[in-house]
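Just so we're aligned, residue 1 is where the sequence shown starts under the UniProt record's numbering, counting upward by one.
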Amino acid sequence: MEDALLRQQIADYDRWKKGLDAQFAAFNQWLEQSFPNSAGARQVVQQARALLTEDQFTLALAGEFSRGKTELINALLSHTYGKRLLPSRPGRTTMCPTEIFSDGSQQASLRLLPIETLATNTSLESFRRIPQKWVSHEFDAEDADATREALAKVAASKSVPPDEATRLGFDRRHLDSKGSLVEIPAWRYALICLPHPLLAQGLRIIDTPGLNALGNEPELTLSTLPSAQAVAFMLSADAGVTGTDLNMWETHLVPLRQHRGTAVMAVLNKIDSMWDDPDEDPELLVRRMRAQVSKLLDLPQESVVGVSAKKALLARQSQDAALLEQSYFAEFEKLLVQRLMEHRQRVAEHRCLHQALTLMADTRDLLKRRLNSGRSALEHLQQQGGTSAEQLEELALLQQTVQQQHKVCHHELLTLKSSHRTLVRQRTALLAPVSSQQLQTLIDNTNRALNERWTPLGLARAIDGFMEGVDHQLANMEREIDAANRLVDAIFARSSLKSLDSTDQHFKIDAFRLNLRGLHRQAAQLRRSPQLLLARRNRLTERFMATLASEVGRLYSQLISAADGWLDQALEPIKQHVQYQKHLLNRHLIKLTELKQKTQSKRTDLRALEEEILRNDTALAGLEELLRQNAPAPQPIAPAPRLDNVTPIKAPTAV
C-alpha cells in the first residue's frame, strides 16, 4: 500500500542533514590534520553542525474541540503502532496541550504538568527546566495497549468549584458543569516522548486544543504556534465553519499568518460524513466546501484540504489501499511535504551553513593556488641546468619571495587583530538599547500604568506603549549596527580577500523586527479575546502581560546572542584565509630552507619540495572529495583556480 510520501520525505530530509553534518565533521578532521591553527574555522563548522543537530520540523494543530486533531495525529503515526495511539473519544470537552517528539532514545515517557501551576506567572518554558514539577510515567512503546493506557492520562479531567476555575483563568461558559462544580483539565501541558521513526527523524507535533485552552495559555499563541514550521487549522466537514471556529481563526491564526509569516493550512476533516448521501457526489461536495473555506478564511484553495483522518487510520490498520485513497489523507501529507521542503530550503540558506561551506570552498581555492605555485617553482628549478651555486642563488631568491609574502600575511593578521578589537569595542554601544536593564525599565513602567488603570482600554494602551518602547529600543540599536557594518566594510576593503562581498557579513536584525512586530499584532488581537475583555485583574491577565514581556525578553536574548556571535565571527573569513595562507607559506619556506642546507645531488635536493607538493596535493584531494559530496553549496562559489590562471612563485628579477 503506497502511503509513504511523508515518511520518505522526512527520511530524505534527515539523511540530508546527517550527510551534511558528516561532511562538516570530516572537514573538521581535515582542518585538525592539515591546519592545526584553525580554532576559529572549527568553531564556524561547529556552529553549522549545532544548527543541523537542533533543527526540527514542527507541525502544530489548532482547532476547536471535536474537530479530529487527535485522530489526525493517530493517522500520521499509525504506520508504526498499527492502532489508535492517543485517546480520542467523541464529546470530550477538556484536554491539555500536548507535545509529541523523540529524544533519540528508545525509552518512551509521558510528563504531565499539573493544572494548578496556572495559579503562578511562571511560563511553560521555565517549567520545562524544573523537572520536579512534572508527573512522569515511563511505558513500553512496543506494547500498543500499554502505550494507549499511559497516554490516556493526557485526557484526565477534574471537578473544581467555579471560582477555582476562574482563578486559574478558565472561562466558565466553555466548561461542562457537574452540579455545583465545573470540569477542567487535570493537566496544563503534556510532553510525550516516543521512539517513532517520523519523530526520531525530526518531526515534532503539538496539539493545541480548543479556544478556551488557547485563550487560557497566552504562551501557546505568542510563542508555541509561531515557532512551528506548519500550522494546521482543523475544521469539521459535518459542522462547517462555526462561529467559534471563526473566533479562533481571527484571534489566534490570522495574526500568526499575516504578521509572523507562518505557513497556515486549513484541514477540513470528517469528509466521510458526506459519503452516505446517495443524491450527492462526495468528491464534488468536498471541492465545494474547500472553495467555501478558502473564500471564508481568505486562504489559497491549495492550502485547504479535505480528509477523513478516521478512515485513514482504519485503512492503515486494515491495510486497505482503496479506503486510504478515499480518505484523501495523501493530499494532507503532500501539503505537509511542501511545508517541509520550504523549511529545508530555509535551513539550507541559513547563514551558519553558508559560512561553513564558503570556508571550505575558500580553503580549497587557497590550497590549490599554493599547490600550483609550488609546482611552478619546482618545475622552474628542475629546468635550471646551471651549477650548484646558481641553484643555491635561485633557491635564495625564491626563499626571499616567500618570506616577503609571509611578512605580508603576518602584517595583515596583526592589522586584523587590531581591527577585531576595534569592532568588539562596539559591543557596549551596540547592545545597550536592548540590555536587560532597558527591558526591565519598560516592564516596570508598563506594570505601573496597569496598576493605575486595569481596564480593557488600559490593557490595550499598556500593550501599545510597551511595544512602542521596544520599537524605539530597536531603532536605537539599528543606528549602532549601521556604524558597526561600515567598520566591517572598511576592514574588508583593506584585506587581501577580494572574493567575498562585505555586505554578506553585515549584521541585520530584520527578522527580529518582523518577529517583534508580529508579536505586537498578535498581542493586540489576543487581548480582545473574551477571557481578557471580561476579566478583572487576575492570574490570566497577569500571565498574559508576563508572557508578552517574557517573549520580548527571549527575542532580546536571541538578539544579544546573535550580536555576540557576529562580533566574534564577522572577520573570520579574512582571518582564516590569511592564517591558512601564512601556514602554507611557512611550510613552503621551511622546505626551501632545507633545500639550501643540503649538499646532495640536484635531484635529491628537490625531494623536500616534491614532498611538500605531494602533501598539499593529498590534502587538496581530500578537500575536493568533501566538496563533491551531495550538500547545498553557497551561491556563488568562485571556481577553483587552474594551473594556467595562477601566478607561480618566481624569483624576483635581479636589477
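The beta carbon of each residue, even a glycine, is placed where N, CA and C say it ideally should be.
Treat the numbers as computed from the prediction; the structure is a model and nothing was measured.
Roughly how many whole angstroms lie between the Cα atoms of residue i and residue j?
| i | j | result |
| --- | --- | --- |
| D482 | R425 | 15 Å |
| I443 | R129 | 24 Å |
| D145 | S136 | 18 Å |
| Y580 | G19 | 26 Å |
| P255 | Q525 | 7 Å |
| R603 | A39 | Residue placement at R603 is flagged as unreliable, the pLDDT there being 49, under the threshold of 50; a coordinate-derived value is accordingly withheld. |
| K69 | A228 | 16 Å |
| T446 | N515 | 21 Å |
| L353 | F35 | 21 Å |
| E342 | Q47 | 22 Å |
| A619 | A22 | 18 Å |
| A546 | P218 | 9 Å |
| L459 | R344 | 40 Å |
| E331 | Q43 | 42 Å |
| D163 | T455 | 21 Å |
| S126 | K133 | 11 Å |
| E468 | H252 | 22 Å |
I'd like the list of long-range same chain contacts for residue i, defined as Cβ closer than 7 Å, with 5 residues on each side in sequence excluded.
| i | result |
| --- | --- |
| L297 | W249 and A266 |
| H350 | L51 |
| L585 | V402, Q405, H406 and C409 |
| L559 | V434, I509 and F512 |
| A567 | Before going on, a small fix: residue 567 reads as Leu here, not Ala. Answer for L567: L423, V424 and R427, listed in chain order. |
| R587 | E612 |
Note down, in chain order, each residue of its chain lying with its Cβ closer than 6 Å to the Cβ of residue i, except the 5 sequence neighbours on either side.
| i | result |
| --- | --- |
| S273 | A237 and D238 |
| W259 | One detail in the question is off: residue 259 reads as His in this sequence, not Trp. Excluding sequence neighbours, H259 sits near G518 and R521. |
| S109 | E138 and C193 |
| G374 | I613 |
| E542 | N121 |
| L500 | P573 |
| S550 | S123 |
| R288 | none |
State buried or exposed for residue i, treating a residue as buried only when at least 16 other CB atoms are found within 10 Å of its CB.
| i | result |
| --- | --- |
| Q400 | exposed |
| L59 | buried |
| residue 666 | Residue 666 is absent from the model: the chain starts at 1 and stops at 655. |
| L372 | In the sequence under discussion, the amino acid at residue 372 is Asn, which differs from the Leu named in the question. By the 10 Å Cβ count, N372 comes out buried. |
| E54 | exposed |
| L112 | buried |
| I590 | exposed |
| Q301 | exposed |
| K17 | buried |
| Q355 | buried |
| E99 | buried |
| N216 | buried |
Across which residues does DSSP place residue i in a beta bridge pair?
| i | result |
| --- | --- |
| K178 | L181 |
| I509 | Its beta-bridge partners do not exist; DSSP assigns none. |
| R204 | T58 |
| N121 | Beta-bridge pairing links N121 to no other residue. |
| C193 | F101 and S109 |
| G565 | Looking at the DSSP assignment, G565 forms no beta bridge with any residue, so it has no partner. |
| E625 | Answer is none; E625 lacks a bridge partner. |
| E138 | S109 |
| N269 | S236 |
| A4 | Looking at the DSSP assignment, A4 forms no beta bridge with any residue, so it has no partner. |
| A230 | L59 |
| W30 | Paired residue(s): none; W30 is not in a bridge. |
Check the C-beta distance from residue i over to residue j and give it rounded, since I have them as a contact under 8 Å.
| i | j | result |
| --- | --- | --- |
| L10 | G202 | Note on residue identity: the sequence assigns Ile, not Leu, to residue 10. I10 to G202, Cβ: 7 Å. Contact. |
| S327 | S303 | With a Cβ gap of about 19 Å, S327 and S303 do not count as contacting. |
| I491 | S419 | 5 Å |
| L623 | T358 | That pair is no contact at about 14 Å. |
| A156 | A186 | 4 Å |
| E610 | L378 | 6 Å |
| V286 | L5 | Actually they do not touch by this definition, with Cβ atoms about 20 Å apart. |
| L168 | L85 | That belief does not hold up - the Cβ atoms of L168 and L85 are roughly 29 Å apart, past 8 Å. |
| T221 | I206 | With 8 Å as the limit, T221 and I206 do not qualify as a contact, their Cβ atoms being about 12 Å apart. |
| V305 | A263 | Incorrect: roughly 13 Å between the Cβ atoms, too far for contact. |
| Q56 | R204 | 5 Å |
| A563 | L431 | 6 Å |
| L548 | I463 | 7 Å |
Excluding the five sequence neighbours on either side, which residues of its own chain have a C-beta within less than 8 Å of the C-beta of residue i, listed in chain order?
| i | result |
| --- | --- |
| A570 | L423, V488, Q505 and F507 |
| L416 | I491, S495, L571, I574, K575 and V578 |
| P282 | I271, M274 and W275 |
| L235 | G63, R67, V241, D245, A266, V267, L268, N269 and V293 |
| K178 | S159 |
| L413 | K575, V578, Q579 and K582 |
| L457 | none |
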